[in-house]
Every structure is written in C-alpha cells, then in structure tokens.
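Protein chains in written order, with the numbering used here: chain D, 118 to 234; chain A, 39 to 388; chain R, 779 to 873; chain E, 263 to 371. The beta-carbon is built from N, C-alpha and C at its ideal position, and this holds for glycine as well.
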C-alpha cells in the first residue's frame with residue numbers, strides 16, 4: 118500500500134493549491150479571493166508537513182517507549198505560519214472593509230468601474 | 039526499531055481526510071453564498087487539524103484547531119457583517135484562469151515525481167538537521183517536546199521574527215480600522231468637541247438567551263484555565279504560546295459575543311490590549327538582550343542560569359510567555375477593531 | 779479495532795459534510811458544521827489511539843472548548859446580520 | 263479479566279461507531295432542521311459516549327481516561343447549548359417544522 122501511491126499526498130497538495138489559485142484568479146469577490154488565498158496557504162502547510170512524516174514513526178515528543186520520530190522541523194515552521202497566516206488574513210480583510218467603505222462594493226469589477234478608465 | 043500504530047490504517051485515514059479536504063475546498067470555491075463559504079472553511083480547517091495529528095504534527099494540529107474553530111470564523115463573519123454575504127455573479131470568463139490553474143497543476147504534479155515517496159525514513163529531509171535536534175533537544179533544554187525546544191531555543195531568531203510579523207499585522211489592522219485611538223477607547227472624543235451625552239446603549243443581542251449566558255459563564259473559566267495548561271505544559275506535550283494565546287483570546291471573544299463588546303472591553307480594555315501587543319515582542323527580544331548582557335550569544339539561554347540546561351528551560355518558558363502575550367492581545371485587538379466598525383446600515387445591497 | 783470506529787466516524791463525517799454542502803437553509807449548514815465539530819473531537823481522540831499516542835487528547839479538549847465559539851458567532855450573525863454591537867449613531871468619527 | 267475488558271471495549275466502540283453512522287444518515291435523510299437536530303444529538307450523546315467508554319476501557323485507569331471523561335462532560339455541556347441556540351434561532355428566523363403540514367394545522371401556513 119505504501120508503494121501504491123507514493124505521491125498521493127503531494128498530488129492532493131497540488132490540487133488544493135490549484136483550487137486556491139483558481140479562486141484568487143477567477144473570482145472577483147475579494148472575500149472569496151482571500152479565502153482562496155487561505156486555501157492556497159493550507160496547501161503549503163501540507164507541502165511542508167507531509168514529507169516530514171515517517172511511516173511507523175510518532176510525534177516528536179520524546180518518550181522512552183519510542184525510537185522513531187517524525188521530523189520536528191517542518192512542524193516548527195508551520196506552527197508559527199498558521200498564526201501569522203491568521204494575522205495576515207485579518208490585514209487583508211481590514212483592507213477589504215476599507216475598500217467597501219470607499220467604493221461601496223467588494224467586487225473587483227465594480228471597484229474598477231468606479232475608478233473609471 | 040520500535041514502530042507504533044499500523045501504517046496501513048494511517049495511510050487510509052490520511053487518504054480519506056485528504057479527499058474530504060478536496061471536497062470541502064471545491065465546495066468553498068463553488069458556493070456563492072459567502073456565509074456558507076465561511077461555515078465550510080471551518081470544516082476544512084478542522085479536517086486539516088485532524089490530518090496534521092494523523093501526520094504526527096500534534097503541535098500544528100493544535101494550532102490549527104485553536105485558530106480554525108473560533109478565531110477565523112469570527113473574523114470572516116465580522117467582515118461579512120460589514121460588507122455583504124452574497125457574491126455577485128462574475129462577468130468574466132472562467133476559462134482563462136481555469137487553463138492557467140490546470141497548467142500550473144500539471145507542472146507541479148510533474149515536479150512531485152522527483153520527490154521521495156511519502157513516509158520514507160531515508161528521504162534527504164529526514165537526514166539533515168532533524169536527527170540532531172531529536173538527539174540533543176532533551177539533553178540540552180530539558181523539554182521532551184522537541185517542537186517547543188526548536189521553536190523557542192534552536193530557532194529562536196526565526197520565532198522572534200514571526201512574532202514581530204504578528205505584531206505588525208495586528209498594528210496594521212488597528213491602523214486601518216481603528217485609527218489607533220479614534221475607536222479604540224483611548225480617546226473617546228476629540229478635544230473641544232461637544233459632549234455627546236451618555237454612552238449610547240448597545241442593544242443586548244444574545245443576553246435574553248438564558249441558557250447561553252449560564253453555559254458560557256461555566257465554560258469561560260474552563261477555556262482560560264485550559265489555555266494556561268496549554269501554555270505551561272507546552273514543553274512536555276503539544277502546546278505553547280501560540281496555541282494558548284489564540285485560545286485565551288477566543289475566550290474573551292466568546293464573552294463579547296454573548297454579553298456585548300462593551301462588556302468584553304471592560305474585562306480586557308483596549309488600553310491593556312494595546313499595551314500588551316508590543317510587550318510580548320519586548321519580552322522575547324529582551325530575553326535575547328539579557329543573554330547578550332550575561333555574556334552569551336543573542337537568544338542563547340544557556341547563560342541565564344548557572345546550569346546551562348535549566349537556563350535553556352527558563353529561557354523557553356519566558357519566551358513562550360512573550361509569544362502568548364503578543365498573540366493573545368493581537369487576536370483580541372483584531373476582533374475589537376472589526377467589531378467596533380459601524381455595521382452596514384439597512385438591508386444588504388444585492 | 780479502533781480502525782472500525784474510526785471509519786464509522788469518517789462515514790458520519792462525510793454525511794455531515796454533504797449536508798453542510800447541500801443546505802438547503804442556513805440552519806442546516808450550521809447544524810452540520812456543529813456536528814462536524816463534535817465528530818472532529820472523537821476523530822482526534824481516535825486518531826491519537828490509532829497512531830499509538832493516546833496522550834494527545836489535549837487537542838480534542840481544546841476543540842470541544844472552542845467549537846462552541848464558532849457556532850455562537852454564526853448564530854449571532856444570523857440573528858443580527860453582523861457581529862458588532864448595534865449602537866445607535868455608530869462610534870464617533872465614523873466616516 | 264483482560265479478555266473481558268477487550269471484548270467490552272470492542273462492543274462499546276462498535277456501538278459508538280454505529281450510533282455515529284446512524285446519526286450521520288439521519289442528518290442526511292431527515293426532512294428539516296428540527297428533525298435533523300435529533301440525529302445530531304444522537305451523535306453528541308450516545309455516539310461520543312460509547313466511543314469514549316470504549317477508548318477508556320482500552321486505556322485503563324490513567325490520565326487518558328480522565329481526559330476522556332472531561333471530553334464527555336464538556337460535550338455534554340456545550341452540544342445541547344449549541345443545538346438549543348440553533349433551534350431557537352431557526353424558530354426566530356421563521357423556519358417552520360415540517361409537522362405543521364399535517365392535516366388540521368393547514369390553516370396556519
């Protein structure tokens with residue numbers, strides 16, 4: 118089973134990344150764009166975490182009962198990235214709120230129209 | 039080699055969770071009702087948290103659970119309340135973005151072919167610094183949780199940078215939405231302006247629901263105590279300043295949701311929040327300066343105590359506390375900034 | 779043995795997600811998401827047992843405690859249409 | 263003794279899993295929100311209860327069991343509160359239970 122789909126995690130990571138990318142490029146609604154960006158970001162988390170997993174290993178919290186541990190380094194990087202991600206998402210959403218107050222819309226097309234040619 | 043669990047079940051669980059995540063993600067993109075999008079993104083984030091636990095990243099799973107269960111839903115909903123909940127039908131052709139996305143996807147899938155297979159213990163990533171960390175962390179820092187040891191000590195610089203980014207993000211939101219002093223309660227009215235009279239009375243919204251009020255009063259101390267447990271148990275089990283900070287902020291947010299934002303502001307005033315946001319960064323950076331003054335390198339905690347190992351442990355505790363202070367106050371400040379914005383008047387524009 | 783329970787929970791989870799996707803009313807979605815959260819807790823606990831480290835129940839406890847915050851925020855939003863407090867006149871200096 | 267515990271935890275785990283599946287099916291098949299609430303509460307009470315019992319039997323007397331008890335108590339506190347608030351909000355928003363379509367109550371609609 119291990120040999121059957123050695124890259125399954127990576128493929129799903131790519132699918133999620135593409136879904137996020139599509140939302141950012143294709144959708145005009147800014148909240149939707151930011152949610153798409155968040156999905157893109159989670160695919161990056163996955164890209165870091167899944168190579169760190171060792172089959173038969175366990176979480177990197179040391180204990181005498183275990184000898185094989187998964188790689189702790191990606192965990193450190195992604196743990197901080199999640200909280201940073203929510204802070205940057207908040208910043209993006211704050212911009213959306215300000216744009217809505219200035220233009221009365223959060224649709225990209227309408228904002229462009231209001232700006233004129 | 040002692041192995042645990044059964045790899046087959048782990049792989050199957052991993053695969054099912056990934057497929058459910060894809061379903062949820064596509065649902066998020068397809069739905070036009072932004073409110074439903076927010077709900078589904080909550081489901082997505084919990085699937086992510088479970089997947090992280092299945093992939094042995096318990097600390098990451100805990101962070102994702104803490105952020106996804108409360109904070110991100112609250113954040114997105116407050117923005118929907120200030121804007122609109124329905125996405126306008128798009129006028130552009132989705133075909134070009136679709137082609138771009140598919141081409142990028144195919145290129146990336148092609149790229150994955152060269153990566154080592156999933157779960158391979160001999161992959162290059164497993165052979166670099168990780169064995170060093172696993173072998174040395176407990177001996178040098180006394181923290182069985184290697185993630186916490188690496189986070190706070192070995193890669194302390196990195197974490198300091200991340201905390202600074204959170205600080206900057208929080209300040210950015212406050213500047214954009216609150217003008218740092220206009221709505222924040224630091225200065226309720228400009229000097230010389232006429233007295234606006236008594237504070238306008240907010241309409242209590244959820245207050246009449248007795249069941250909620252009682253249950254939340256029971257729940258709040260539990261959340262706060264558990265956040266403290268997560269904070270100070272972080273070197274022995276999953277947890278640490280990031281998770282505990284988000285959890286504690288979520289508790290205050292829950293209080294605000296039920297008893298009104300002014301009530302929450304009496305518990306955790308904006309003045310205190312604004313003081314705490316830089317304080318955490320200062321605690322973190324100050325620990326580095328202290329170790330510098332004691333003759334060590336910046337953020338080298340070994341010199342903080344006569345025994346290097348207990349110095350490391352002390353340093354980790356102090357630094358994690360700094361992280362907690364900044365993260366919790368930033369999250370709370372962000373919530374206040376969004377919640378004190380005047381909501382859109384009248385019916386939602388269609 | 780945990781695997782059987784785990785997959786039962788996953789089946790229930792799939793059904794709940796299907797309900798969250800299909801609606802039809804807002805409340806169906808909220809209910810489905812709330813149930814997903816509860817299933818998440820067991821799933822996290824069972825995952826801990828399956829991967830052989832059952833002591834990591836802390837994550838499940840944190841999820842129970844915080845799951846209700848999301849639900850309450852959603853219900854409050856349904857009631858009022860926003861999360862802020864409806865103050866007449868709005869805060870000072872509002873543009 | 264060990265065998266008895268093993269069998270007992272087997273049975274409870276499978277029962278719990280079965281209740282979760284039944285709840286899930288109910289959530290999918292039942293006609294409206296108020297009916298689906300019942301299915302959801304099945305998961306919250308019997309599903310979680312039996313699964314936690316099974317896991318506790320497996321873990322024995324330890325910190326793990328204590329945490330499981332804690333989880334069951336917390337779900338017992340939060341989940342009824344959430345579903346209560348949900349039902350109240352649905353009523354408030356004017357969602358009508360399907361039962362109102364039964365003959366005799368027709369004039370209401």
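Practice task
Using a Cβ-Cβ cut-off of 9 angstroms, state whether residue 793 (chain R) counts as contacting chain A.
Solution key: Output row for residue 793 (chain R): interface = no.
Practice task
State whether the region 178-187 of chain D contacts the region 81-97 of chain A, with contact taken as three or more CB pairs (one from each stretch) at a distance under 8 angstroms.
Solution key: Touching, yes, given that three or more Cβ pairs across the two stretches are closer than 8 angstroms.
Problem - Any C-beta of chain E under 9 angstroms from that of residue 842 (chain R) - result: It does; some Cβ of chain E falls within 9 angstroms.
Exercise for the section: Using beta-carbon positions only, say whether residue 371 (chain A) and residue 311 (chain A) come within less than 9 angstroms of one another. Expected result: Closer than 9 angstroms, so yes.
Practice task
Measure the C-alpha to C-alpha separation of residue 140 (chain A) and residue 219 (chain D) and round it to an integer number of angstroms.
Solution key: Going by C-alpha positions, residue 140 (chain A) is about 35 angstroms away from residue 219 (chain D).
Exercise for the section: Report yes or no: is there a C-beta of chain A within less than 9 angstroms of the C-beta of residue 228 (chain D)? Expected result: Closer than 9 angstroms: no.
Handout entry: residue 171 (chain D) (DSSP reduced to helix, strand or coil)
Key = Residue 171 (chain D) carries a coil assignment under DSSP once its states are collapsed to helix, strand and coil.
Practice task
Just tell me which of E:326, E:333, E:355 and E:266 has its CA closest to the CA of residue 307 (chain E).
Solution key: Cα-wise, what sits closest to residue 307 (chain E) is E:333.
Exercise for the section: Return helix, strand or coil for residue 234 (chain A), following the three-state DSSP convention. Expected result: Below a pLDDT of 50, predicted positions are generally treated as unreliable, and residue 234 (chain A), at 49, falls in that range; no measurement from the model is reported.
Practice task
For residue 847 (chain R), go through chain D and note every residue whose CB falls closer than 8 angstroms to its CB, in chain order.
Solution key: Simply none; closest approach about 14 angstroms.
Exercise for the section: On a CA-only basis, which of A:374, A:83, A:272 and A:210 is nearest residue 110 (chain A)? Give me that one, please. Expected result: The residue with the shortest Cα to Cα distance from residue 110 (chain A) is A:83.
Exercise for the section: Tell me whether the beta-carbon of residue 424 (chain E) lies closer than 9 angstroms to the beta-carbon of residue 319 (chain E). Expected result: Because residue 424 (chain E) is not part of the residues shown, which for chain E are 263 to 371, the question remains open.
Problem - Segment contact, 8 angstroms Cβ cut-off, at least three pairs: the region 357-371 of chain A with the region 266-275 of chain A - result: The region 357-371 of chain A makes contact with the region 266-275 of chain A, as at least three CB pairs between them are under 8 angstroms.
Problem - Status (buried if at least 16 other CB within 10 Å, exposed otherwise) for residue 213 (chain A) - result: So residue 213 (chain A) counts as exposed.
Problem - Closer than 9 angstroms to chain E by CB, residue 829 (chain R) - result: No, no contact with chain E.
Exercise for the section: Identify whether residue 223 (chain D) lies in helix, strand or coil by the three-state DSSP scheme. Expected result: Judged by DSSP in its simplified three-state form, residue 223 (chain D) adopts coil rather than helix or strand.
Exercise for the section: Identify the continuous alpha helix (DSSP H) that holds residue 171 (chain A) and give its terminal residues. Expected result: Counting along the chain, the alpha helix (DSSP H) containing residue 171 (chain A) begins and ends at 168-179.
Practice task
Mind checking the region 329-346 of chain E against chain A and listing, in chain order, the residues whose C-beta falls within less than 8 angstroms of any C-beta there?
Solution key: Using a CB distance below 8 angstroms, the part of the region 329-346 of chain E facing chain A consists of 336, 339, 340, 343 and 346, ordered along the chain.
Problem - Reduced DSSP secondary structure (H/G/I, E/B, other) of residue 336 (chain A) - result: DSSP, reduced to helix, strand and coil, places residue 336 (chain A) outside both helices and strands of the structure shown, so it counts as coil.
Practice task
Report the rounded CA-to-CA distance for residue 137 (chain D) versus residue 353 (chain A), giving the unit in angstroms.
Solution key: Going by the C-alpha atoms only, they are around 39 angstroms apart.
Exercise for the section: Under the assumption that residue 342 (chain A) contacts residue 355 (chain A) (Cβ atoms under 8 angstroms), give the Cβ distance between them as a whole number of angstroms. Expected result: Contact check for residue 342 (chain A) and residue 355 (chain A): beta-carbon distance about 10 angstroms, past the 8 angstroms limit, so the pair fails to qualify.
Practice task
Could you tell me whether the region 140-151 of chain A touches the region 149-163 of chain D, where touching means 3 or more Cβ pairs closer than 8 angstroms?
Solution key: Counting Cβ pairs under 8 angstroms, fewer than three are found: no touch.
Exercise for the section: Return the chain-ordered list of same chain residues with a C-beta closer than 7 angstroms to the C-beta of residue 154 (chain D), the five sequence neighbours on each side being excluded. Expected result: Contacts found: 137 and 141.
Exercise for the section: Give me whichever residues DSSP pairs with residue 183 (chain A) in a beta bridge. Expected result: In DSSP, residue 183 (chain A) forms a bridge with D:178.
Problem - Exposure label - residue 204 (chain A); buried when at least 16 CB within 10 Å - result: By the C-beta density criterion, residue 204 (chain A) is buried, having at least 16 other C-beta atoms within 10 angstroms.
Problem - Same chain, Cβ closer than 7 angstroms to residue 144 (chain D), neighbours up to 5 away in sequence not counted - result: Taken in chain order, the residues that qualify are 150 and 153.
Practice task
Going by DSSP, name the residue or residues bridged to residue 71 (chain A).
Solution key: Beta-bridge pairing links residue 71 (chain A) to A:124.
Problem - Neighbour flag for residue 825 (chain R) against chain E, beta carbons, 9 angstroms - result: With respect to chain E, the C-beta atom of residue 825 (chain R) has no partner C-beta closer than 9 angstroms.
Handout entry: 9 angstroms Cβ cutoff, residue 350 (chain E) in contact with chain A
Key = It does: the Cβ of residue 350 (chain E) has a partner Cβ on chain A nearer than 9 angstroms.
Exercise for the section: Look at the alpha carbon of residue 282 (chain E) and the alpha carbon of residue 133 (chain A), and state the distance between them as a whole number of angstroms. Expected result: Roughly 41 angstroms between the two C-alpha positions.
Exercise for the section: Look up residue 183 (chain D) in the DSSP assignment and say whether it is helix, strand or coil. Expected result: Assigned with DSSP and collapsed to three states, residue 183 (chain D) falls in coil, not helix or strand.
Problem - Residue range of the alpha helix (DSSP H) that includes residue 345 (chain A) - result: Premise fails: residue 345 (chain A) is in no alpha helix (DSSP H) and is neither H nor E.
Handout entry: Interfacial residues, the region 158-181 of chain D to chain R, with Cβ spacing under 7 angstroms
Key = Answer in chain order: 175 and 176.
Exercise for the section: Could you check how far apart the C-beta atoms of residue 285 (chain A) and residue 840 (chain R) are, in whole angstroms? I think they sit under 8 angstroms. Expected result: That pair is a contact at about 6 angstroms.
Problem - CB-CB length for residue 198 (chain A) against residue 103 (chain A), believed under 8 angstroms - result: Beta-carbon to beta-carbon, residue 198 (chain A) and residue 103 (chain A) are separated by about 25 angstroms, too far to satisfy the 8 angstroms threshold.
Handout entry: Chain-ordered neighbours of residue 121 (chain A) on chain D, where CB pairs are closer than 8 angstroms
Key = Going along chain D in sequence order, the residues near residue 121 (chain A) (Cβ under 8 angstroms) are 148, 213, 214, 217 and 223.
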